[in-house]
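Engineer: Per numbering that gives the first Met the number 0: the sequence shown = residues 0 to 332.
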Amino acid sequence: MRKILIHLRTSVKFLFLIVLSAIMIVSLVAFAYKPIYSVTFNGELIGYCEDKVEMQKKINEFIENGESENVAFVQIDELPEYELCLLKKGIVTNDEEILAKVKETGTEYYHYYAITVDNKEKYYVSSFSEAEDVVKKLKDKKSDNIDKIRVVEKYEKKLATFTDTDKIVKKLYVKPEVKQTVTYASTHYQATGTMSISRGANNTKKKVDIGISLINPLSGVISSEFGGRWGTIHKGLDIAAPAGTKIKAAAAGTVKFSGWNSGGYGNLVIISHGNGVETYYAHCSAVDVKAGQKVSQGQVVSRVGNTGDSYGNHCHFEVRVNGVAQNPRNYVY
Ligand SMILES: [Zn+2]
Numbered sequence: 000m001r002k003i004l005i006h007l008r009t010s011v012k013f014l015f016l017i018v019l020s021a022i023m024i025v026s027l028v029a030f031a032y033k034p035i036y037s038v039t040f041n042g043e044l045i046g047y048c049e050d051k052v053e054m055q056k057k058i059n060e061f062i063e064n065g066e067s068e069n070v071a072f073v074q075i076d077e078l079p080e081y082e083l084c085l086l087k088k089g090i091v092t093n094d095e096e097i098l099a100k101v102k103e104t105g106t107e108y109y110h111y112y113a114i115t116v117d118n119k120e121k122y123y124v125s126s127f128s129e130a131e132d133v134v135k136k137l138k139d140k141k142s143d144n145i146d147k148i149r150v151v152e153k154y155e156k157k158l159a160t161f162t163d164t165d166k167i168v169k170k171l172y173v174k175p176e177v178k179q180t181v182t183y184a185s186t187h188y189q190a191t192g193t194m195s196i197s198r199g200a201n202n203t204k205k206k207v208d209i210g211i212s213l214i215n216p217l218s219g220v221i222s223s224e225f226g227g228r229w230g231t232i233h234k235g236l237d238i239a240a241p242a243g244t245k246i247k248a249a250a251a252g253t254v255k256f257s258g259w260n261s262g263g264y265g266n267l268v269i270i271s272h273g274n275g276v277e278t279y280y281a282h283c284s285a286v287d288v289k290a291g292q293k294v295s296q297g298q299v300v301s302r303v304g305n306t307g308d309s310y311g312n313h314c315h316f317e318v319r320v321n322g323v324a325q326n327p328r329n330y331v332y
């Protein structure tokens, strides 16, 4: 009995020693080695970083906001690739350098607004509210050229020089002729955006096969393109047309939603076409269909309006495939 007890004691001791040494070995390894990621960018090894999540977060932040004011987003051709490697302590990580290299290749796109007269860009302002302010002031002063003044949304690689709104009003103001009695319509301006970005292949009207063919929901002027490779900028195509213009279903389907959307879409119609394809028609003045209703291609579903976060009468048209907004230019117009 005593013998067994001693035997048991030694084996417990032995076990304890094994566990202890195992812990020591593991902590030694952990001390000597730590997980480090090698970072490859555009096919070239550019360094090592410890925390790839943090690194990617920083890169994403840069892509979404850039570094200076008025940057809409930054376009980067390729994202870095990370590969886990167990390296001996002593290898230097160079997060800042990596970040700098990635930033170097990015193209910043600035977002601002142009005030145009007769479609000629005259002055630039930083925000839509400033542009609106200029138009409002000119309207209040009954400036004679108010019908020729437009606000154009700009996405450009270079930032324009901004002018103070009061100065713009002063420069653009044209005294109205006294005898004339003019009735001013409620909206004298509408965005007729030019956006020269990320069109590339889309420009060639290449149609992408999504299993159904879409038709143009209405004819009008494209006032703002689908924009931003990283999906955060503009999820649809803006088609400017007079208020009340009929908007047609781009394809047959079932109405998934019809009514007010408080998220900025205003009056919105969503049609489900099967194959994971959905189309959105937003900022409508009125809707003509109900959720659950079947619609045929070309059937009028709503009317052009200026509801929700909108800057003039237009239809914001989205094509979503499995929930992801696609460039409508790939299918229509
Ligand atoms: Zn839009």
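All C-beta atoms in this analysis are idealised placements derived from N, C-alpha and C, irrespective of residue type, glycine included.
So which of Val276, Thr278, Ser257 and Asn321 has the shortest CA-CA distance to alanine 290?
Structural biologist: Within the sequence shown, the letter at position 291 stands for residue 290. Minimum Cα distance to alanine 290 is reached at Ser257.
Engineer: Would alanine 71 and tyrosine 112 be called neighbours here (beta carbons separated by less than 7 Å)?
Structural biologist: The residue you call residue 71 lines up with position 72 of the sequence shown. The residue you call residue 112 lines up with position 113 of the sequence shown. Going by C-beta atoms, alanine 71 is not nearer than 7 Å to tyrosine 112.
Engineer: Give the DSSP-derived three-state secondary structure of threonine 9 in the structure shown.
Structural biologist: Mapped onto the sequence shown, residue 9 falls at position 10. Three-state result, threonine 9: helix.
Engineer: Ligand 1 heavy atoms versus the CB of glycine 235: any closer than 6 Å?
Structural biologist: In the sequence shown, residue 235 corresponds to position 236, counting from 1. Yes, the beta carbon of glycine 235 sits closer than 6 Å to at least one heavy atom of ligand 1.
Engineer: Straight-line CA distance for asparagine 59 to phenylalanine 40?
Structural biologist: The residue labelled residue 59 in the question sits at position 60 within the sequence shown. The residue labelled residue 40 in the question sits at position 41 within the sequence shown. Whole-angstrom Cα-Cα distance: 15 Å.
Engineer: If you measure from the CB of histidine 110, is any heavy atom of ligand 2 nearer than 6 Å?
Structural biologist: In terms of ligand content, the structure shown lacks ligand 2 and carries ligand 1 instead.
Engineer: Taking a contact to mean a Cβ-Cβ separation below 7 Å, would you say serine 301 touches alanine 251 in this structure?
Structural biologist: Counting from one through the sequence shown, the residue named residue 301 turns up at place 302. Counting from one through the sequence shown, the residue named residue 251 turns up at place 252. No; because the gap between Cβ atoms is not below 7 Å, this pair is not in contact.
Engineer: For the pair the segment 262-277 and the segment 313-320, tell me if three or more CB-CB distances fall below 8 Å.
Structural biologist: Yes, the segment 262-277 is in contact with the segment 313-320.
Engineer: Kindly indicate which three-state DSSP category alanine 113 falls into: helix, strand or coil?
Structural biologist: Within the sequence shown, numbered from 1, the residue matching residue 113 stands at position 114. Here alanine 113 sits in strand by DSSP.
Engineer: Cβ-heavy atom distance between histidine 272 and ligand 1 below 6 Å?
Structural biologist: Start at 1 with the first residue of the sequence shown, and residue 272 comes out as number 273. Answer for histidine 272: no, Cβ out of range of ligand 1.
Engineer: Quick check: the Cα distance between glutamine 55 and asparagine 326, rounded to an integer number of angstroms?
Structural biologist: Position 56 of the sequence shown holds residue 55. Position 327 of the sequence shown holds residue 326. Glutamine 55 and asparagine 326: Cα-Cα distance of roughly 26 Å.
Engineer: CA-CA distance, tyrosine 332 and phenylalanine 225?
Structural biologist: The residue labelled residue 332 in the question sits at position 333 within the sequence shown. The residue labelled residue 225 in the question sits at position 226 within the sequence shown. One C-alpha to the other measures close to 12 Å.
Engineer: Roughly how many angstroms lie between the CA atoms of valine 52 and lysine 293, to the nearest whole one?
Structural biologist: The count along the sequence shown starts at 1 and reaches residue 52 at position 53. The count along the sequence shown starts at 1 and reaches residue 293 at position 294. The alpha-carbon atoms of valine 52 and lysine 293 are separated by roughly 45 Å.
Engineer: Does valine 268 come out as helix, strand or coil in the three-state DSSP assignment?
Structural biologist: Against the sequence shown, residue 268 aligns to sequence position 269. Valine 268 falls in the strand class under three-state DSSP.
Engineer: Label proline 79 either buried or exposed according to how many other C-beta atoms from any shown protein chain fall within 10 Å of its C-beta, with 16 as the threshold for buried.
Structural biologist: Looking up residue 79 in the sequence shown gives position 80. When all chains shown are included, proline 79 counts as buried.
Engineer: My understanding is that leucine 171 touches leucine 213, with C-beta atoms under 8 Å, so please give their C-beta distance in whole angstroms.
Structural biologist: The residue labelled residue 171 in the question sits at position 172 within the sequence shown. The residue labelled residue 213 in the question sits at position 214 within the sequence shown. Actually they do not touch by this definition, with Cβ atoms about 41 Å apart.
Engineer: Compare the C-beta of aspartate 237 with all C-beta atoms of chain D and state if any pair is closer than 7 Å.
Structural biologist: Absent from the structure is chain D; it holds one protein chain and no more.
Engineer: According to DSSP, simplified to helix, strand and coil, what is leucine 158?
Structural biologist: Position 159 of the sequence shown, counting from 1, holds the residue named residue 158. In the structure shown, leucine 158 sits in coil (DSSP, three-state: anything other than H, G, I, E or B).
Engineer: Leucine 158 and asparagine 69: beta carbons closer than 7 Å?
Structural biologist: The residue you call residue 158 lines up with position 159 of the sequence shown. The residue you call residue 69 lines up with position 70 of the sequence shown. Contact flag set, yes.
Engineer: Across which residues does DSSP place valine 151 in a beta bridge pair?
Structural biologist: On the sequence shown, residue 151 is found 152 positions in, with the first residue counted as 1. Paired residues: Ala113.
Engineer: The beta strand (DSSP E) spanning alanine 71 covers which residue range?
Structural biologist: In the sequence shown, the residue the question calls residue 71 occupies position 72. Segment 70-74, the beta strand (DSSP E) holding alanine 71.
Engineer: Between which two residues does the beta strand (DSSP E) carrying serine 128 extend?
Structural biologist: One-based indexing of the sequence shown puts residue 128 at position 129. No beta strand (DSSP E) holds serine 128; the alpha helix (DSSP H) holding it covers 127-139.
Engineer: Compute the Euclidean distance between the alpha carbons of lysine 12 and serine 26, then round it to the nearest angstrom.
Structural biologist: For the purposes of this step, residue 12 is taken as residue 13 along the sequence shown, with counting starting at 1. For the purposes of this step, residue 26 is taken as residue 27 along the sequence shown, with counting starting at 1. Cα to Cα, lysine 12 sits roughly 21 Å from serine 26.
Engineer: The alpha helix (DSSP H) that contains lysine 51, what's its start and end?
Structural biologist: Here residue 51 refers to the residue found at position 52 when the sequence shown is read from its first residue. Start and end: 51-64.
Engineer: I'd like the list of long-range same chain contacts for alanine 242, defined as Cβ closer than 7 Å, with 5 residues on each side in sequence excluded.
Structural biologist: As a working mapping, residue 242 is identified with position 243 in the sequence shown. Taken in chain order, the residues that qualify are Ser284, Val303, Gly304, Asn305 and Asn312.
Engineer: Applying the criterion that 16 or more other CB atoms from any shown protein chain within 10 Å of the CB defines a buried residue, is asparagine 202 buried or exposed?
Structural biologist: Here residue 202 corresponds to residue number 203 of the sequence shown, with the count starting at 1. Here the model assigns asparagine 202 a pLDDT of 39, short of 50, so the residue's position is not dependable and the matter cannot be decided.
Engineer: Find out if the Cβ-Cβ distance for the pair lysine 153, proline 175 is shorter than 7 Å.
Structural biologist: Looking up residue 153 in the sequence shown gives position 154. Looking up residue 175 in the sequence shown gives position 176. No, these two residues do not count as a Cβ contact at 7 Å.
Engineer: Below 7 Å between beta carbons: does that hold for glycine 46 and glutamate 96?
Structural biologist: Residue 46 sits at position 47 when you count from the first residue of the sequence shown. Residue 96 sits at position 97 when you count from the first residue of the sequence shown. Closer than 7 Å, so yes.
Engineer: State the Cα-Cα distance for the pair valine 288 and isoleucine 35, rounded to the nearest angstrom.
Structural biologist: Residue mapping note: residue 288 aligns to position 289 of the sequence shown, counting from 1. Residue mapping note: residue 35 aligns to position 36 of the sequence shown, counting from 1. Roughly 57 Å separates the two Cα atoms.
Engineer: Of the choices Gly210, Glu49 and Ile232, whose alpha-carbon is the least far from that of glycine 89?
Structural biologist: Looking up residue 89 in the sequence shown gives position 90. Nearest of Gly210, Glu49 and Ile232 to glycine 89, Cα basis: Glu49.
Engineer: Take isoleucine 167 and list the residues in its own chain whose beta-carbon comes closer than 7 Å to its own, dropping the five residues that flank it on each side.
Structural biologist: As a first step, residue 167 must be located in the sequence shown, where it is residue number 168. These residues qualify, in order along the chain: Ile114, Tyr122 and Val133.
Engineer: Residue range of the alpha helix (DSSP H) that isoleucine 214 falls in?
Structural biologist: Walking along the sequence shown from the start, residue 214 turns up at place 215. No alpha helix (DSSP H) contains isoleucine 214, which DSSP labels as neither H nor E.
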